[in-house]
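Per my numbering, residue 475 is the first one in the sequence shown, and the count goes up by one each step. The C-beta atom is built at its ideal place from N, Cα and C for all residues, glycine as well. Working notes, structure below.
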Amino acid sequence: MEALSGNSFYFDFEVRLMEFLQNALGEKLISFISFFSAFGEELLLILILGFVYWCYDKKFGIYVGTNVMIGIVLNPLVKNIFLRRRPYFDNPGIKCLRPVDTESDIYDIAGQGFSFPSGHSTNSVTSYGSLARYKKNKILTTLAFFFPLVVGFSRILVGVHYPTDVLCGWLLGLAIIFIVPKIIKKAGEKNRWIVFLFIFLFCCIGLFYCKTSDYFTGLGLMGGFFVSVEYEKKFVNFEETRNPILCITRVLGGGIIYLALNSLLKLPFNPDFLTSGTFLAGMVRLVRYGIVSFVCIGAYPYVFRFEKKLFK
Numbered sequence: 475m476e477a478l479s480g481n482s483f484y485f486d487f488e489v490r491l492m493e494f495l496q497n498a499l500g501e502k503l504i505s506f507i508s509f510f511s512a513f514g515e516e517l518l519l520i521l522i523l524g525f526v527y528w529c530y531d532k533k534f535g536i537y538v539g540t541n542v543m544i545g546i547v548l549n550p551l552v553k554n555i556f557l558r559r560r561p562y563f564d565n566p567g568i569k570c571l572r573p574v575d576t577e578s579d580i581y582d583i584a585g586q587g588f589s590f591p592s593g594h595s596t597n598s599v600t601s602y603g604s605l606a607r608y609k610k611n612k613i614l615t616t617l618a619f620f621f622p623l624v625v626g627f628s629r630i631l632v633g634v635h636y637p638t639d640v641l642c643g644w645l646l647g648l649a650i651i652f653i654v655p656k657i658i659k660k661a662g663e664k665n666r667w668i669v670f671l672f673i674f675l676f677c678c679i680g681l682f683y684c685k686t687s688d689y690f691t692g693l694g695l696m697g698g699f700f701v702s703v704e705y706e707k708k709f710v711n712f713e714e715t716r717n718p719i720l721c722i723t724r725v726l727g728g729g730i731i732y733l734a735l736n737s738l739l740k741l742p743f744n745p746d747f748l749t750s751g752t753f754l755a756g757m758v759r760l761v762r763y764g765i766v767s768f769v770c771i772g773a774y775p776y777v778f779r780f781e782k783k784l785f786k
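So this is what it looks like as structure tokens:
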């Protein structure tokens, strides 16, 4: 695969604002604020989704998970059309203080991805926005405004997104949480798999032009999630729980399986190959995340039926 270069386009005020903020706040304060980026990142969202799905309310979890999974694929689909380079690539006055992919060089576009729109901003809206849309709770509604705002602001501060990246990331997330649930509701639960199949096939168009690892990660997670939801409904059909101990063990167990399986599936491959940015490496990544997603959402809940014997 040829080296990626990308496009440079931005408003001058965006660069001036980012340089001002980084100089005014300093690296220590920004390092603290950058912690909020975690509220739009993979692991925390998986844990939140895991708690809602494995413990609190399965249908609620499917609602949130569907929106989140679609968001993590549509975002890189758009990114790979505009190919906007990250701010620090073209502006020496802007520092990269929180790389997207810590395993890749900060100037490796295949690993760090493109800038427009912000994936963290989309993720924060699809996750926390979905929680509030489903439950219509004042606290969740407050969080649905708070977290996307601080996540978006943190992405600007750490130098990986222009303000317009964040704004459009929010808008993409809003479009998903307002449109997708209506389509699925209209189709009905029996025909949900048809909607899932159509969305997955549509998102596969990225295989012809997407070059960044975030697309392959997202497509794998989404595909595994879609299959696992239907598989669980037919073959597993676990029961939710409000028991605190069971909730903790389910979430911890799922988190451990997610991390362990992700690491184990890397072992057969050379690390240089996995970060090479080639199409084959992308497909390996897609399959890896698809397996992880399916095991965590579809297969792992099978063990819940043994909880009563273990926790008498």
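| request: Below 8 Å CB to CB, which residues in the same chain sit around V542 once its five sequence neighbours on both sides are set aside? | output: L519, L523, N597, T600, S601 and S604
| task | Output the boundary residues of the alpha helix (DSSP H) element that contains V654. | result | P637 to A661
| request: Rank N549, C570, M757 and W528 by C-alpha distance to the C-alpha of E713 and give the top, closest one. | output: W528
| task | Would you kindly work out how many angstroms separate the C-alpha atoms of V701 and T615, rounded to a whole number? | result | 30 Å
| task | Report the partner residues of N481 according to the DSSP bridge assignment. | result | R558
| query | Going by the CB atoms, is the gap between N481 and R558 shorter than 8 Å? | reply | yes
| task | Report yes or no: is there a C-beta of chain D within less than 8 Å of the C-beta of S508? | result | Looking for chain D here will not work: only one protein chain is present.
| task | Using only the heavy atoms of the ligand HEM, determine whether one of them is closer than 7 Å to the beta carbon of L551. | result | Looking for the ligand HEM in the displayed structure turns up nothing, as the structure carries no ligands at all.
| query | Is Y763 near G662, with beta carbons less than 8 Å apart? | reply | no
| query | So what does DSSP say about R716, is it helix, strand or coil? | reply | coil
| task | Could you check which residue in Y484, N717 and Y581 has the C-alpha nearest to that of K782? | result | N717
| request: Go through its chain and collect everything with a Cβ distance to A755's Cβ below 7 Å, but skip five positions before and after it. | output: F747 and L748
| field | Neighbour-count burial assignment, N554, 16 or more Cβ in a 10 Å radius | value | buried
| What is the DSSP secondary structure of F700, counted as helix, strand or coil? | helix
| Whole runs of the alpha helix (DSSP H) within the segment 489-524, excluding any shorter than 4 residues | 516-524
| Is it the case that the Cβ atoms of G510 and S628 are separated by a distance below 8 Å? | Sequence check: residue 510 is Phe here, not Gly. Yes, the Cβ-Cβ distance between F510 and S628 is below 8 Å.
| request: Please state whether DSSP places L738 in a helix, a strand or coil. | output: helix
| query | When you compare only the Cα positions, how much space is there between C570 and W644? | reply | 22 Å
| In or out: P775 buried (at least 16 other Cβ within 10 Å) or exposed? | buried
| Within 10 angstroms of its Cβ, does P745 collect 16 or more other Cβ (buried), or is it exposed? | exposed
| query | Hey, how far is the Cα of V669 from the Cα of V725? | reply | 28 Å
| request: Spatial neighbours of G698 within its chain, please: CB distance less than 6 Å, with the 5 preceding and 5 following residues excluded, ordered by chain position. | output: G764, S767 and F768
| Which runs of the alpha helix (DSSP H), 4 residues or longer, sit entirely within the segment 739-765? | 745-748
| query | Comparing alpha-carbon positions, which option in A498, F513, E501 and I536 lies nearest E704? | reply | I536
| field | Beta-carbon proximity list for L648, same chain, < 8 Å, skipping 5 on both sides | value | V599 and G603
| The alpha helix (DSSP H) enclosing T600, as first and last residue numbers | G593 to K609
| said: Mapping the DSSP letters down to three states, classify D579 as helix, strand or coil. | reply: coil
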